[in-house]
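Trainee: Quick one: structure below, then a few questions.
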Amino acid sequence: MNLFDYLQSDWHNILNLAIQHMKLVGIAVGLAILFGVPLGILMVRVRWLATPLMALATIVLTLPSIALFGLMIPVFSKFGQGIGPLPAITAVFLYSLLPILRNTFLALDNIEAGIKEAGIGIGMTFWQRLRMVDLPLAVPVILGGVRTAVVMNIGVMAIAAIIGAGGLGVLILQAISQSNMQKLVIGAVLISLLAIIADLLLQRLQRILTPKGLQK
Numbered sequence: 001m002n003l004f005d006y007l008q009s010d011w012h013n014i015l016n017l018a019i020q021h022m023k024l025v026g027i028a029v030g031l032a033i034l035f036g037v038p039l040g041i042l043m044v045r046v047r048w049l050a051t052p053l054m055a056l057a058t059i060v061l062t063l064p065s066i067a068l069f070g071l072m073i074p075v076f077s078k079f080g081q082g083i084g085p086l087p088a089i090t091a092v093f094l095y096s097l098l099p100i101l102r103n104t105f106l107a108l109d110n111i112e113a114g115i116k117e118a119g120i121g122i123g124m125t126f127w128q129r130l131r132m133v134d135l136p137l138a139v140p141v142i143l144g145g146v147r148t149a150v151v152m153n154i155g156v157m158a159i160a161a162i163i164g165a166g167g168l169g170v171l172i173l174q175a176i177s178q179s180n181m182q183k184l185v186i187g188a189v190l191i192s193l194l195a196i197i198a199d200l201l202l203q204r205l206q207r208i209l210t211p212k213g214l215q216k
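136 is the number that UniProt numbering gives to position 136 of the sequence shown; each next residue is one higher, with no gaps.
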């Protein structure tokens, strides 16, 4: 069976795996945004937290992905969830934290002192300035961290198939066990395409959300 015939015969399963793959990545990165952005804000507010939090996130990112997935199994086995999407989402969530946390902190920390002083001068509180001035200016850099996390973890999530999470990694595992080059090529190409498409869409969103005064 050639590549085209395989695509025709199994396109529905391939599409389902691709959708499942993006759902897993979307949930993990979405959670990383929900935690990473507030933590980045907290690091600007409480400066001594920046070093330990950044160091911890960096250590997690340096762990080999297959080892991190393996570490999740005994942890979640205590709750009957050692195999499946939950440990995979948790591992990818941890991998996503560093770029989002770092970019949020750097974006807010590098806002010009004159802009901050102007906000203070007109009587804005920290939270008012954060909502109306700092965050809109920081959005492009924060989204840059989100783009990095998404593109990186679309590839990492493929490895999660070894712990039963599903996604396009299933095709690659099946291809290896069956010596099926069609599945291997399709799985690898689709993962690359998903990463490229996601990056382009987020790049477009980044441009839309960038304040006009900062656009070149």
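Note that beta-carbon positions come from the ideal geometry of N, C-alpha and C, so glycine has one too.
#1: Which whole-angstrom value is the C-beta distance of Leu-97 and Ala-138, which I expect to be below 8 angstroms?
#2: Roughly how many whole angstroms lie between the Cα atoms of Leu-184 and Ile-66?
#3: Count the C-beta pairs between the segment 81-92 and the segment 16-27 that are closer than 8 angstroms, then say yes if the count reaches three, no if not.
#4: Are the CB atoms of Val-151 and Ala-195 nearer to each other than 7 angstroms?
#5: Can you have a look at Asp-134 and say buried or exposed, based on whether 16 or more other CB atoms are within 10 angstroms of its CB?
#6: On a Cα-Cα basis, can you pick out the residue from Asn-16, Phe-35, Met-181 that is closest to Ile-100?
#7: Roughly how many whole angstroms lie between the Cα atoms of Phe-105 and Ala-149?
#8: Which ranges does the alpha helix (DSSP H) cover as unbroken runs of at least 4 residues, wholly within the segment 120-186, from first to last along the chain?
#9: May I ask which residues mark the beginning and end of the alpha helix (DSSP H) holding Pro-52?
#10: Please state the DSSP three-state secondary structure of Phe-35.
#11: Find the nearest neighbour of residue 217 within the set Asp-199, Val-156, Gly-169, Met-181, judged by alpha-carbon distance.
#12: Under a Cβ-count criterion, where at least 16 other Cβ atoms within 10 Å of its own Cβ denotes burial, should Phe-69 be classed as buried or exposed?
Mentor: So, from the listed chains and residues:
#1: With a Cβ gap of about 17 angstroms, Leu-97 and Ala-138 do not count as contacting.
#2: Our two residues, Leu-184 and Ile-66, have alpha carbons roughly 19 angstroms apart in a direct line.
#3: Put simply, the segment 81-92 touches the segment 16-27. At least three CB pairs are less than 8 angstroms apart.
#4: Yes, these two residues count as a Cβ contact at 7 angstroms.
#5: Around the CB of Asp-134, 16 or more other CB atoms lie within 10 Å, so the residue is classed as buried.
#6: Answer by Cα proximity: Phe-35.
#7: Distance between the alpha carbons of Phe-105 and Ala-149: 16 angstroms.
#8: Whole alpha helix (DSSP H) segments, 4+ residues: 126-129, 135-159, 169-178.
#9: 50-62 is the extent of the alpha helix (DSSP H) around Pro-52.
#10: In the structure shown, Phe-35 sits in a helix (DSSP, three-state: H, G or I).
#11: With the chain represented from 1 up to 216, any question about residue 217 goes unanswered, as that position is not in the structure.
#12: Classification of Phe-69: buried, given that the 10 Å Cβ count is 16 or more.
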